[in-house]
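Residue numbers (UniProt numbering): 1 to 699.
Remarks on the structure that follows.
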Amino acid sequence: MSLKTRLIMQNAKKICEVANEHDGSENKEVNLKKCEVSSNISGIGEKPLEHEIHFPELNAGPSSSYSKDPKDKHCVFTRNLLNNGKLQCVLRKCRQLNDTSLITDSKSKSDSEPFKPDDKSDEYLPTSEDSSDTGKNCEKKVKKTNTWKNNVAAIARQRGETYTNQRGKKIPRKSVNLGTLCNEGCKKKCSEKVRPEERREIFFSYYKLLDEDTKNMLPFKCMAYKVPARPQKNAARHKSASFTYKLAVNKTEVTVCKKAFCTLYEIGKKKVEYLQQSIKEGLHTPKPNRRGKHDNRPHRIADGIKQYTREHIKSFPAYESHYSRNKNSYKKYLSPMLNISKMYSLYHEKCAEGNKPPRFYIKYCTYSKIFSTEFNFSFGEPRSDTCSTYDSGQGNEEHREDRECAKSSGTVCYLTMDLQQTLHLPKLTTSKAFYLRQMWMYNLGIHSISKQGAKANFFTWTEDVAHRGISEICSSLLIMLEYNNLFQDNIISHLILWTDSCAGQNKNFLIICLYQYLILKGMCKIIDHKFPEVGNSYLDSDRDFGLIEKVLRRHETIFLPEEYRTIISQASKMNQLTDMSLHFRNFDDLATKLNVINRKKNTLGENVPFRDKIKWIRVCEFGSYMYKESFDPKTPFKKVNIIRNSRIPAPENVEIPRIGRKTGELSAKKIANLKSQLQYIKQPYRWFYNLVINEQEKA
1 MSLKTRLIMQ NAKKICEVAN EHDGSENKEV NLKKCEVSSN ISGIGEKPLE
51 HEIHFPELNA GPSSSYSKDP KDKHCVFTRN LLNNGKLQCV LRKCRQLNDT
101 SLITDSKSKS DSEPFKPDDK SDEYLPTSED SSDTGKNCEK KVKKTNTWKN
151 NVAAIARQRG ETYTNQRGKK IPRKSVNLGT LCNEGCKKKC SEKVRPEERR
201 EIFFSYYKLL DEDTKNMLPF KCMAYKVPAR PQKNAARHKS ASFTYKLAVN
251 KTEVTVCKKA FCTLYEIGKK KVEYLQQSIK EGLHTPKPNR RGKHDNRPHR
301 IADGIKQYTR EHIKSFPAYE SHYSRNKNSY KKYLSPMLNI SKMYSLYHEK
351 CAEGNKPPRF YIKYCTYSKI FSTEFNFSFG EPRSDTCSTY DSGQGNEEHR
401 EDRECAKSSG TVCYLTMDLQ QTLHLPKLTT SKAFYLRQMW MYNLGIHSIS
451 KQGAKANFFT WTEDVAHRGI SEICSSLLIM LEYNNLFQDN IISHLILWTD
501 SCAGQNKNFL IICLYQYLIL KGMCKIIDHK FPEVGNSYLD SDRDFGLIEK
551 VLRRHETIFL PEEYRTIISQ ASKMNQLTDM SLHFRNFDDL ATKLNVINRK
601 KNTLGENVPF RDKIKWIRVC EFGSYMYKES FDPKTPFKKV NIIRNSRIPA
651 PENVEIPRIG RKTGELSAKK IANLKSQLQY IKQPYRWFYN LVINEQEKA
C-alpha cells in the first residue's frame, strides 16, 4: 500500500471515530464491513484489475439530523491496477456527500500516533497531477502546487498554524484554550464540564483533518435543531430556530453554550451559523465547500479565442527528429530561433493585423499554458543523447582511456562523429519567416585526436544536394580518411570511433561494409566502433558545435551556404571544412563488390542484437566482424562471419565511385514556402534560391 493511500485511510478512520464519539452514543462504533472484492484477472489487452470496497453509513446519534437510509451514506473506493504497473487510486465522491468515513486500515501503525501540529502528511496526499494523463499528443508540465504561496498558506490555515493571508497580514496559530470557555455568568458552567485533557482532544481532532468538508462534519454533528417552544413577546425579530450544542466528554454527553462551543473548536460564529443554515434547510450534511468552484467567471477565456490561439501555434512548421523517435514518436520540434515569448509576441502581431477585438489579446500565462498542456512541442532538435551523469564526468571513463591512448601512441587515431542541429536557409529576422519552412543545411562533425594533434573536421551540404542518411555519413568519413596524410602513409593502424546509436546513420550493415573496405585496402588494421550508453554520448564533436553556435548567434541573417561555411571555418583555428556537394559516393552495390552478406547469427548460432544491445564493434580481418554488449575489456568478443563464400575480392577491383549528381529532394510545401520568402531575401542572394527552386521543380 502506498503512503498516499495509507494517509487517506488514516484520516478517514479518525473522522469516523471522532464523529461517533462526539455523537454522544456509548455503544456506537463504526462497523466497517469486510471488503467485498470483485476481481477480474487482468492480462494484456484486457480490462484492469479492479477492487471495490464498500462501507456502511455512520451511526447517527439521537441529537443528529442524519438520515438512516444506507443509500444516502455510501462511498466506493476503487483501486485500479493498470497493465503497465502504475497504481491509480480514485476516491469516488460520496453519494449525498454524507459518509465522511472513507477507508480504514486497522493495522496501520500511524493510527496510534498522537497528532502533531507540524505534521506534513498533506504533502503525500494525491493531487490532480498524480493521476493526470498527458496523452500522446501533449506533454503536460508538472506543477509543484504544494509549493505555491497560496496553497502553503491554505494548508497552514487548515492545520491551525501560523500563516500569512493574501493581504500580507500574519495570522497567529490557533491553540487550545485552557482558561475560561465562556462568560462567568453562564448557566451551563461550560468551563467546569470540559477538562484540559478533553479540550486538547477536541481541538486536535478537528485540526488534524485536512479537508474543509470533512472538518465541517465534526461541529455539524454536535448541533441539534429545535423550534423555539415559547417565542418572546414584543420581539423585533423572532427566532426561527434554536440550537443546542452537545459534546461527548469522557463517554458522557454534555451540553455547552455557543461561545464555549466556538472556543473549543477555535472557530468563529460565522462558521457555526453557516453550518446551522444547512440544518435549517433539512440537509443531512453541511453544504460542500464551493471556494474556487463557482461558475461566475466574467474573465473566462472564450472557446473561440482558445481555438484561435491553437491555430496560431499550429501555424509554425514542426519537424520530427531522428534522435528521439523511439523515445517519443509524437514529439515535434520548432525552429531553434523560436521560444514561447517570441511566439507570444508574434501572436499579438497577428491579432493586430487581423484587427481582432481586445479580448483576443490574452495574457502570456494563458498562451504558455495552452502551448505547454495541449502540444507536444519543443524548440530546436533534442539532445536526448546527453545526461547529467556524463556531463559531471562520471560516464566518460571509456572515452578518456581511448583519448589518452591516441595521444600517447603514434599508431592510434581517436574519432568522434555526429551531426549538428540543422541549419536553416535562409536565416531571416522577419516574423513572417517563423511561419514558413526553410531549406536545411547539414553539418557533420568529425573530431580527430592523435599524437600529431587534434582537428575538427566538418563536412557540409544542403538539403537539395543529398539527404542525411548512412550513405552521406560514410562518404564524409571516407573522404576524411582518404585525404588524411596519417592514413595515406600508413602511420595510423588502429582507428577508434565513437558515435551515437542512431540506426539510420551510424549503426547498420553499411558501416560494416565500409570498414571491410578499409581493411581490404590496407588503410587500417584494427577498427573499433563504440556506441556509448543512451544518455552518455556527449562527444568532442558537440563541443565543436557549441563554438559554432556561439558565433551563429551573432549573425541575425544568413542567406547562402557559403556564409555558414565561413562561420564554421572561423569558429576555431583547428576547424577544417569540406564542401561535400561533389564528393558523395555510391554505396549501393558495395556489399556485392565485397562479396559479403548481412548474417543475423554469430558463429555460436546466437541472434545478433545489432541495433539494441551492441556497444562495441571491432573489425580486424576481412570477411568478419566481432562485437560486445559492454565495454568490459575482459568480456570476450563474439564473431560474425559475413563473407558470402571463400572468395576474397582483389583490392584493386573494389572501388566506390562518386555519384556526380544531386540526390536530395525538397517537399512541395517547402518549395512553396521558399518562393514566399524570396521577397525577404536581398536581391544579390536570390539567384541561389531561384536555382534550387527551378532544379527541384524540374526533377
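Positions of the beta carbon are idealized from the N, C-alpha and C atoms, including for glycine.
Bear in mind the structure is a predicted one, so any value in this text is a computation, not a measurement.
Have a look at Glu563 and Gln576 and give me their C-alpha separation to the nearest angstrom. 15 Å
Which full runs of the beta strand (DSSP E) of 3+ residues lie inside the UniProt domain "DUF7869" (452-581), going along the chain? 453-462, 494-498, 526-530, 575-579
Counting C-beta neighbours from all protein chains within 10 Å, is the total for Met417 16 or more, i.e. buried, or is it exposed? With 16 or more other Cβ atoms within 10 Å, it is buried.
Closest to Ala571 by C-alpha separation, out of Glu549, Gly660, Lys251, Asn443, would be which residue? Glu549
Within its chain, find whatever has a CB closer than 8 Å to the CB of Pro286; leave out the 5 residues flanking it on each side and keep chain order. Asp213, Asn216, Met217, Phe220, Tyr274, Leu275, Ser278
Please say whether Val619 and Ile519 have beta carbons closer to each other than 8 Å? Contact: yes.
Contact under 8 Å by Cβ, Leu247 with Ile301: No.
According to DSSP, is Met417 helix, strand or coil? In the three-state reduction of the DSSP assignment, Met417 falls in the strand class.
From the DSSP output, read off the bridge partner residues of Glu253. Ala248
Ser676 (DSSP reduced to helix, strand or coil): In the structure shown, Ser676 sits in a helix (DSSP, three-state: H, G or I).
Separation of Asn598 from Lys669, as counted between CA atoms: 38 Å
Cβ neighbour criterion (16 or more within 10 Å) applied to Glu472: buried
Nearest to Leu547 by alpha carbon, out of Tyr627, Ala456, Trp616, Gly623? Ala456
What residues in its chain sit with their C-beta under 7 Å from that of Ser106, if we drop five residues either side in the sequence? For Ser106, the predicted model reports a pLDDT of 35, less than 50, meaning its position is unreliable; a value from the coordinates is still stated below. Cβ neighbours of Ser106 beyond the five flanking positions: none.
Along the alpha helix (DSSP H) that carries His312, what are the first and last residues, could you check? 303-314
With a threshold of 6 Å on Cβ separation, who are the neighbours of Met439 within its own chain once the five nearest residues in sequence on each side are excluded? Leu425, Glu463
Distance between Arg611 and Ile103 (C-alpha atoms, nearest Å): Caution is warranted here: a pLDDT of 33 is assigned to Ile103, below 50, making its placement in the model unreliable, and the coordinate value is therefore given only provisionally. One C-alpha to the other measures close to 49 Å.
Please report how far the alpha carbon of Thr592 lies from the alpha carbon of Ile313, in whole angstroms. 49 Å
Simplified DSSP assignment, three categories, for His399: helix
In this structure, how does DSSP classify Val176 when only helix, strand and coil are distinguished? In the three-state reduction of the DSSP assignment, Val176 falls in the coil class, being assigned neither a helical nor a strand state.
Flag this pair as yes or no: are the beta carbons of Ile656 and Leu674 separated by less than 8 Å? no
First through last residue of the beta strand (DSSP E) which encompasses Met439: 439-450 is the extent of the beta strand (DSSP E) around Met439.
Have a look at Asn602 and Glu556 and give me their C-alpha separation to the nearest angstrom. 53 Å
Evaluate contact between the segment 163-177 and the segment 256-276, counting only Cβ atoms and requiring at least three cross-stretch pairs below 8 Å. yes
Can you tell me whether DSSP reads Lys407 as helix, strand or coil? helix
Could you spell out where the beta strand (DSSP E) holding Arg200 opens and where it closes? Looking at the DSSP string, Arg200 is not in any beta strand (DSSP E); the run it does join, the alpha helix (DSSP H), is 196-207.
When the distance is taken between beta carbons, is Ile614 closer than 8 Å to Tyr625? no
Evaluate Thr499 with the Cβ neighbour count: other Cβ atoms within 10 Å of its Cβ, from every protein chain shown; 16 or more gives buried, anything less gives exposed. buried
When we look at the beta-carbon of Trp616 and count the other beta-carbons within 10 Å, is it buried (16 or more) or exposed? buried
Identify the continuous beta strand (DSSP E) that holds Tyr347 and give its terminal residues. Per DSSP, Tyr347 belongs to no beta strand (DSSP E); it is in the alpha helix (DSSP H), 340-353.
Would you please state the rounded distance, in angstroms, between the beta carbons of Ser419 and Met441? I believe it to be under 8 Å. First, the amino acid is wrong: residue 419 is Leu here, not Ser. No, Leu419 and Met441 are not in contact; Cβ-Cβ is about 11 Å, not under 8 Å.
Are Phe545 and Gly445 closer than 8 Å when you measure CB to CB? The beta carbons of Phe545 and Gly445 sit closer together than 8 Å.
Quick check on DSSP: helix, strand or coil for Tyr367? In the structure shown, Tyr367 sits in a helix (DSSP, three-state: H, G or I).
So, with DSSP's three-state summary, where would you put Trp148? coil
Inter-residue Cα distance where the pair is Cys190 and Asn183: 9 Å
What residue from Glu695, Arg661, Ile370, Lys525 has the CA that sits closest to Met580's CA? Of the candidates Glu695, Arg661, Ile370, Lys525, the one whose C-alpha sits nearest the C-alpha of Met580 is Arg661.
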